[in-house]
Structures are given as C-alpha cells and as structure tokens.
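Below is one structure, written out as structure tokens, with a few remarks after it.
In the numbering used here, the protein residues as written are 608 to 842.
Right, here's the structure in full:
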C-alpha cells in the first residue's frame with residue numbers, strides 16, 4: 608500500500624471510528640428517506656428482482672441485480688480507490704461494497720438508476736478522452752487523478768449528473784457498503800466493523816461489561832445463515 612493509500616485509509620478510519628455505532632443506521636435512514644422522497648416515476652423492483660436481491664444478500668454474489676459486468680467492474684474499482692485494501696486491512700472489495708450498491712439500486716435507491724447509468728457513461732467518455740482507456744484499465748495513480756478531477760468538478764464530459772455529484776454519491780454509497788449492517792449486502796464478514804473496532808449490535812451487556820473501562824471486544828452477533836455457513840466451512 609502506498610503512502611497515499613495509507614493516508615486515505617487512516618483519514619477514513621479515523622472519521623468513521625468515532626461514530627461507528629451511528630454508521631450502522633446509515634442505510635436504514637437512507638431507505639426510509641428514499642421511500643418518502645421517491646417520485647411517481649421511480650422504478651419499483653419486480654418480484655423477481657426482490658427474490659434476486661434476497662439471494663444476493665444471502666450469498667454475497669457480488670452483483671447481478673442491477674449492474675452489468677462492465678459497470679460492476681468500474682464501480683468496484685472506483686470504490687476500491689476510495690477505500691483501498693491492504694494485507695490485514697480490508698478495503699471496498701473485501702467488504703463487497705459492489706454487492707451493497709447493486710442491491711440498493713435494485714431496491715431503495717431505484718430512483719438513482721438513471722443517475723448511475725449516465726454517470727458511468729460520462730466517466731467512461733472522460734477517461735477515454737484523457738487516457739484513451741476506460742477507468743478499469745487505468746493505473747491506480749491515473750484512477751486517483753480521475754477521481755480527484757471529479758471531486759473538484761474539473762472533469763469534462765459531465766453534464767447530468769455533474770462530476771462532483773457523481774463523486775459524492777459514489778463516495779457516500781461506498782461508505783455505506785463498507786460500514787452499514789451486513790444484512791444490506793456489504794460489510795462482508797464485518798470487514799468494515801473490524802477495521803474500526805466496532806463489535807456490532809449486542810443482545811445484552813453483562814454487569815462486568817458495563818463496569819469495565821476497557822474497549823468492548825466481544826465478537827459481532829451473526830445470523831443463523833452465517834453461522835451455518837461457518838459450520839460448513841469448518842466441517
């Protein structure tokens with residue numbers, strides 16, 4: 608991992624770590640807000656899409672509910688540059704952020720599907736104009752330059768969404784997929800929570816837990832499906 612990546616990671620972990628508990632409600636709040644603000648033309652997922660989303664959450668398929676392979680690869684690469692992984696330090700790919708975003712766009716964020724389609728098309732046009740290559744083919748340094756241009760609103764080829772709006776949305780969704788409850792398809796194996804030292808929601812705290820002045824370290828609670836999966840691996 609480069610010093611640039613390490614600095615970015617340290618900044619994000621520091622910013623999230625102080626409010627790790629609050630981060631688990633990011634998606635719940637976003638879902639509720641989205642339902643209230645959807646326009647009548649927003650796409651409502653079909654029964655088939657809902658079943659596909661359920662399967663993806665259970666198995667962490669990666670994508671396939673909304674994104675095609677090309678778009679999934681681009682978003683996954685973009686998210687990884689925002690939250691780069693390293694040995695012993697999970698990043699966006701480790702947390703399966705792409706699965707979270709894919710499911711969200713087929714569900715609560717369905718009204719942002721056109722936003723993503725247009726944004727990804729404009730990103731591709733900008734990268735090909737500047738580097739003669741799509742985003743996924745660029746070096747890490749070049750990808751960072753592209754992301755920086757979007758953040759600063761200096762990337763050409765963007766109309767709707769604007770470059771800054773596209774960057775801000777992908778950054779927000781990457782953080783949600785990294786640190787929100789795994790039930791929404793991201794934060795695989797509690798990668799984000801482990802990164803910031805958050806033990807997850809607990810059903811109870813013992814008197815000793817409440818009296819202790821040390822950091823709480825009990826393992827996160829996992830669902831029955833995850834327990835069954837772990838048992839199968841260990842068999």
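C-beta: ideal position from N, C-alpha, C; glycine also.
What whole-angstrom Cβ distance do residue i and residue j have, given they're in contact under 8 angstroms?
{"i": "residue 774", "j": "residue 754", "result": "7 angstroms"}
{"i": "residue 798", "j": "residue 697", "result": "4 angstroms"}
{"i": "residue 674", "j": "residue 725", "result": "Wrong, their Cβ atoms sit about 14 angstroms apart, outside the cutoff."}
Let me check understanding here. Comparing Cα to Cα, which of the options lies closest to residue i?
{"i": "residue 681", "options": "715, 740, 765", "result": "740"}
{"i": "residue 761", "options": "824, 747, 719, 734", "result": "734"}
{"i": "residue 763", "options": "798, 812, 799, 738", "result": "738"}
{"i": "residue 765", "options": "679, 736, 802, 789", "result": "736"}
{"i": "residue 685", "options": "751, 806, 759, 824", "result": "751"}
{"i": "residue 708", "options": "784, 789, 742", "result": "784"}
{"i": "residue 782", "options": "719, 710, 690", "result": "690"}
{"i": "residue 744", "options": "692, 671, 677", "result": "677"}
{"i": "residue 757", "options": "769, 822, 695, 742", "result": "769"}
{"i": "residue 671", "options": "713, 695, 694", "result": "713"}
{"i": "residue 811", "options": "804, 823, 787, 801", "result": "823"}
{"i": "residue 683", "options": "802, 777, 800", "result": "777"}
{"i": "residue 711", "options": "801, 789, 802", "result": "789"}
{"i": "residue 688", "options": "801, 719, 748", "result": "748"}
{"i": "residue 772", "options": "692, 679, 719", "result": "719"}
{"i": "residue 679", "options": "694, 692, 706, 695", "result": "706"}
{"i": "residue 694", "options": "716, 786, 802", "result": "802"}
If I follow the unbroken alpha helix (DSSP H) through residue i, where does it start and stop?
{"i": "residue 772", "result": "770–786"}
{"i": "residue 801", "result": "798–803"}
{"i": "residue 733", "result": "720–738"}
{"i": "residue 758", "result": "747–758"}
{"i": "residue 685", "result": "676–689"}
{"i": "residue 814", "result": "814–818"}
Comparing the C-beta of residue i with each C-beta of chain B, is any distance below 7 angstroms?
{"i": "residue 740", "result": "Annotation note: the requested chain B is absent from the structure, which comprises a single protein chain."}
Touch check for the segment 785–804 and the segment 692–712: three-plus C-beta pairs under 8 angstroms? yes
Counting Cβ pairs, one atom from each stretch, are 3 or more of them under 8 angstroms apart for the segment 713–729 and the segment 801–818? no
List in chain order: all unbroken beta strand (DSSP E) runs of 3+ residues lying wholly within the segment 692–717. none
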